[in-house]
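Participant:
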Amino acid sequence: MIKITMLPVGLLEANCYIVRDDEREDAVLIDPGADAARIERELDKARLSVKAVLLTHGHFDHCNAARYFQAKGAKVYLHEADEIMTRTRLNMSELTGEPFNAFTPDVLLANGTEIDECGMTFRTLHTPGHTAGSVCYLLEDKLFTGDTLFCLGVGRTDLPTGDYRMLVSSVRDVLFKLSGDYSVFPGHGELTTLSYEKKHNMFAEI
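Be aware that the sequence shown starts at 1, since it is given in full-length UniProt numbering, and climbs by one per residue.
(1) Going by Cα to Cα distance, which pick from L139, R156, P128, F150 is closest to V174?
(2) Check S49 in the structure and name its three-state DSSP category.
(3) Quick one: measure Cβ to Cβ for D31 and T56, integer angstroms, because I've assumed they're closer than 8 Å.
(4) For C63, which three-state DSSP category applies?
(5) Is it a yes or a no for the stretch 39-58 touching the stretch 135-147, going by three-plus beta-carbon pairs under 8 Å?
(6) Taking only three categories from DSSP, how would you classify F69?
(7) Following the continuous beta strand (DSSP E) through H126, name the residue where it begins and the one where it ends.
(8) Which first and last residues belong to the beta strand (DSSP E) in which K3 is found?
(9) Taking DSSP as the reference, what is the three-state secondary structure of K142?
(10) Starting from R20, trace the beta strand (DSSP E) both ways and give me its first and last residue.
(11) How would you call H200, buried or exposed, if buried means at least 16 neighbouring beta carbons within 10 angstroms?
(12) Count the other CB atoms, across all protein chains shown, that sit within 10 Å of the CB of N101; report buried if there are 16 or more and exposed otherwise.
(13) CA-CA distance, R123 and T113?
(14) Go to H79, then tell me how far its beta strand (DSSP E) extends in each direction, as first and last residue.
(15) Does G97 pass the burial test, meaning 16 or more other C-beta atoms within 10 Å, or should it be called exposed?
(16) Taking just the CA atoms, how far does K75 sit from E23?
(17) Please classify V107: is it buried, with 16 or more other beta-carbons within 10 angstroms of its beta-carbon, or exposed?
(18) Using a threshold of 9 Å, state whether the C-beta atoms of A81 and T157 are closer than that.
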């Protein structure tokens with residue numbers, strides 16, 4: 001059984017997720033954007049070790065603790081189009097004046113890449129728009145959407161590499177075309193479901 005712990009981290013309260021198979025003692029982190037010590041306390045409480053860090057995009061509030069866990073042996077995954085953000089001002093850390101912890105991803109992703117970690121298989125969906133390399137991750141009936149899709153909203157597109165038309169296309173033509181329903185775990189805010197967003201999100205096709 002998959003267990004998920006959500007931790008809003010950092011000044012912008014990005015959602016970091018600890019994802020694990022409850023029969024194992026290792027875990028995957030999705031978007032550890034800050035507060036590495038707090039995340040580690042949660043891991044220690046559950047007696048878990050981190051084997052992989054999956055990033056939905058390269059903005060600082062979603063990846064600024066990646067280097068910390070990479071130094072402890074975790075493999076870091078990021079879409080190839082956002083790799084430039086790990087070493088340039090495009091990560092937008094200057095918005096808050098926080099220093100950025102630069103890192104080098106271990107694996108650069110493309111659309112459809114499957115990630116086998118900790119007894120789980122995540123499928124990568126490239127959903128550009130918030131950034132050029134934004135992705136979502138499918139895990140069974142769970143969908144981690146980063147800043148592509150929120151409860152009753154979508155991510156902003158006015159930052160470098162953002163593109164409004166691409167974001168709308170990613171939501172309508174990729175996410176909303178998925179068959180079946182999914183629990184949605186967004187990069188900020190409350191959880192939702194894909195069926196609810198298809199009915200109520202203002203970006204759903206009318």
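Beta carbons: idealized from backbone N, C-alpha and C, even for Gly. Computed from a predicted model, the values in this text were never measured in an experiment.
Facilitator: In this structure, then:
(1) P128
(2) strand
(3) 6 Å
(4) helix
(5) yes
(6) helix
(7) 120-126
(8) 2-9
(9) strand
(10) 14-21
(11) exposed
(12) buried
(13) 6 Å
(14) 75-79
(15) exposed
(16) 21 Å
(17) exposed
(18) no
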